[in-house]
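Below is one structure, written out as structure tokens, with a few remarks after it.
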Amino acid sequence: QKEVEQDPGPLSVPEGAIVSLNCTYSNSAFQYFMWYRQYSRKGPELLMYTYSSGNKEDGRFTAQVDKSSKYISLFIRDSQPSDSATYLCAMTWTGGFKTIFGAGTRLFVKA
Amino acid sequence: DGGITQSPKYLFRKEGQNVTLSCEQNLNHDAMYWYRQDPGQGLRLIYYSQIVNDFQKGDIAEGYSVSREKKESFPLTVTSAQKNPTAFYLCASSAGTLNTEAFFGQGTRLTVV
């Protein structure tokens with residue numbers, strides 16, 4: 122079993138839809154949870170990170186962490202064609218120098 | 043502009059050759075990392091360095107080597123011992139010991155011909 126599981130998709134939605142991207146994990150030591158966006162043939166860029174359980178909002182993006190279920194989500198409101206990319210979840214722990222990445226979910230937003 | 047520069051963008055290697063991928067950062071970050079990305083898999087850590095003249099193996103270090111002689115530079119050599127080197131290689135850096143915000147370069151796509 123992988124430490125971090127992420128559905129690779131692809132996920133195709135119409136413009137304006139609410140998108141839900143998810144990851145599950147097995148290591149209860151993870152405390153920091155990140156979401157990266159990666160455009161085709163580019164390096165990933167950090168969207169946001171959260172510490173422990175709870176929600177965090179940044180513009181159209183909301184990250185949720187449920188540590189009891191070992192489940193994290195990224196919601197994108199009013200999705201735009203420019204949101205079409207691969208979204209990678211990632212996680213690490215206090216004192217941990219290593220970050221564990223999910224395989225990424227490919228998202229297509231159709232105009 | 044501050045950032046991480048990887049070169050070349052595309053690299054072709056013949057069987058049995060060693061090749062070196064360049065990674066330079068001007069963010070004044072202490073920590074630097076090399077990842078390998080294959081289709082359908084997450085980023086896998088090859089090597090990381092927390093400070094100049096020091097580096098540690100990641101999960102898939104076999105067939106790779108690195109050096110960290112300068113804070114700004116962390117080159118990766120893919121040796122002939124790496125049996126399946128065709129992949130997308132990403133270099134990253136972060137400011138502190140807690141790697142919650144890594145800045146990535148644009149990647150090098152290595153193909154064995």
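Protein sequences, first through last, are from chains G and S.
Using my numbering, the letters of the first sequence correspond one by one to residues 122 to 232.
Using my numbering, the letters of the second sequence correspond one by one to residues 43 to 155.
All C-beta atoms in this analysis are idealised placements derived from N, C-alpha and C, irrespective of residue type, glycine included.
Here the structure is a predicted model, which means the values were calculated and not measured.
Check: Helix, strand or coil for S174 (chain G), going by three-state DSSP, please let me know.; Outcome: coil
Check: With 9 Å as the C-beta to C-beta threshold (strictly closer), list the residues of the region 158-184 of chain G near chain S in chain order.; Outcome: Q159, R162, K163, G164, P165, E166, L167, Y170, Y172
Check: Rounded to a whole number of angstroms, what is the C-alpha to C-alpha distance between D80 (chain S) and P127 (chain S)?; Outcome: 10 Å
Check: Are the CB atoms of Q48 (chain S) and Q148 (chain S) within a distance shorter than 7 Å?; Outcome: yes
Check: Just confirm the distance between the C-beta atoms of Q127 (chain G) and G223 (chain G), as a whole number of angstroms; I'd bet it's less than 8 Å.; Outcome: 3 Å
Check: Given this structure, state the Cα-to-Cα distance separating T121 (chain S) from A232 (chain G), to the nearest angstrom.; Outcome: 45 Å
Check: Give the straight-line distance between the Cα atoms of G164 (chain G) and G44 (chain S), rounded to the nearest whole angstrom.; Outcome: 15 Å
Check: So which residues on chain G does Y131 (chain S) lean against when the C-beta distance must stay under 9 Å?; Outcome: None at all; the shortest Cβ gap to chain G is about 10 Å.
Check: In the DSSP assignment, find the beta strand (DSSP E) that holds E57 (chain S) and state where it starts and stops.; Outcome: Per DSSP, E57 (chain S) belongs to no beta strand (DSSP E) and is neither H nor E.
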